[in-house]
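Enquirer: Starting off with a structure, shown below.
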Amino acid sequence: MNAPMEGRTGNRVGADGQRPGYLRPKDAATILILDRTLSGVRVLMGRRPSRDAFMPAAYVFPGGRVDPTDGRAFAANELDPVERDRLLDRMRPRPSLRKARALALCALRETAEETGYLLGRTGMELPASVHPDWEPFQAARIVPDLSPLRVVARAITPPGRVRRFDSRFFAVFADVIAVRPEGIAGTGELEDVVWPTLDEADGLELPRITRSVIDDLKRRLIDDPALSPGGPATFYRPIGDEFVREPM
């Protein structure tokens, strides 16, 4: 177990100026879409609106809270077994295969909603009846593919914040992008969607967990540029008001 991390973790007070009571973390997923270019590895990020209560005006990866229907969504291929088992490890309240795939599908769905980027297999058909969240995939004849996703981190928001999440961070290379948006896309949940290099991201306003995940990923890419299944990943677990790092 490493020493606690320091820095920004999110807002500690609500709109009324009061600290929140105990909040049970909500399952969430986010994804680092990596584009290997001559100038370096770039990652898709967007700025949260300044009006948001949680991490306002910070640059983050696309992602969000798991929806109840995510675990039932169709996928062309399932998670690599090593990555699936990594998600099941220390899952709360109990290990669930449906929740494991829901986390991965949530990352893809939220990316589409927030940025307009659709990730998956082209030229395939989703079932005729799909949840409205997946209609953009159905219209474009794209089916989500979970097999390329790699788990790179997990982080639970420390207590005392206005919102708490048990977030899993996935990484995938941009080769799996099936649709790139033209102009402004998504729902406006993220502003100023950009592709900085991993080094350029250091100059952005980042939550401390985002910065830590980027630093860990940069180190992993040195020894594992292909992001092989089962590569190093970190669990950022809260103890009191701080994060401690543990291997996943």
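So the sequence shown is numbered by full-length UniProt numbering: it starts at 1 and just counts up by one. Glycine residues also receive a C-beta, built at the ideal position from the N, C-alpha and C atoms. Fair warning: this is a prediction, and the values are worked out from it, not measured in the lab.
1. Could you check what DSSP says for GLY231 in three-state terms: helix, strand or coil?
2. Considering only the alpha carbon of each residue, which of GLU200, PRO207 and MET91 lies closest to LYS218?
3. Leaving out five residues before and five after ALA153 in sequence, what residues of the same chain have Cβ atoms less than 7 Å from its Cβ?
4. I think ASP67 touches TRP195, with their Cβ atoms under 8 Å apart; what is that distance to the nearest whole Å?
5. Should TYR117 go down as buried or exposed, given a rule of 16 or more other Cβ atoms within 10 Å for buried?
6. Starting from the C-beta of PRO132, find all residues in its chain whose C-beta is less than 7 Å away, skip the five residues before and the five after it, and write them out in chain order.
7. Can the beta-carbon of GLY120 be found closer than 8 Å to that of ASP145?
8. Throw me the rounded Cβ distance for the LYS99 and GLY71 pair, which I believe falls under 8 Å.
9. Taking 7 Å as the limit between beta carbons, can you name the residues of its chain near ARG8, skipping five residues before and five after?
10. DSSP on residue 256, reduced to helix/strand/coil?
11. According to the neighbour-count rule (16 or more other Cβ atoms, all chains shown, within 10 Å of its Cβ), is GLU246 buried or exposed?
12. Please state whether the Cβ-Cβ distance between MET55 and ARG48 is less than 8 Å.
13. Give me, in chain order, the residues of the same chain whose beta-carbon lies closer than 8 Å to that of ILE177; leave out the 5 immediate sequence neighbours on both sides.
14. Would you kindly check if the distance between the Cβ of THR122 and the Cβ of PRO62 is under 8 Å?
15. Considering just the uninterrupted stretch of the alpha helix (DSSP H) at ALA107, what are its terminal residues?
16. Rank ARG86, GLU189, TYR22 and ILE156 by C-alpha distance to the C-alpha of ILE239 and give the top, closest one.
17. Is ALA201 helix, strand or coil when you go by DSSP?
Expert: In short, the structure shows the following:
1. coil
2. Looking at the Cα atoms, GLU200 is the closest of the given residues.
3. PHE169, VAL213, ASP216, ALA233, THR234 and TYR236
4. Between ASP67 and TRP195 a beta carbon distance of about 27 Å is seen, past the 8 Å cut, so the two are scored as non-contacting.
5. buried
6. Cβ neighbours of PRO132 beyond the five flanking positions: none.
7. For GLY120 and ASP145, yes; Cβs fall inside 8 Å.
8. 6 Å
9. Because the pLDDT at ARG8 is just 44, under 50, the model does not fix this residue reliably, and the value given afterwards should be weighed accordingly. These residues qualify, in order along the chain: PRO207 and ARG208.
10. Summary: the structure shown does not reach residue 256, with the chain confined to residues 1 through 248, and so no result is reported for it.
11. exposed
12. yes
13. ILE33, TYR117, LEU118 and LEU119
14. No, the Cβ-Cβ distance between PRO62 and THR122 is not below 8 Å.
15. 97-115
16. Ranking the options by Cα distance to ILE239, first place goes to ILE156.
17. helix
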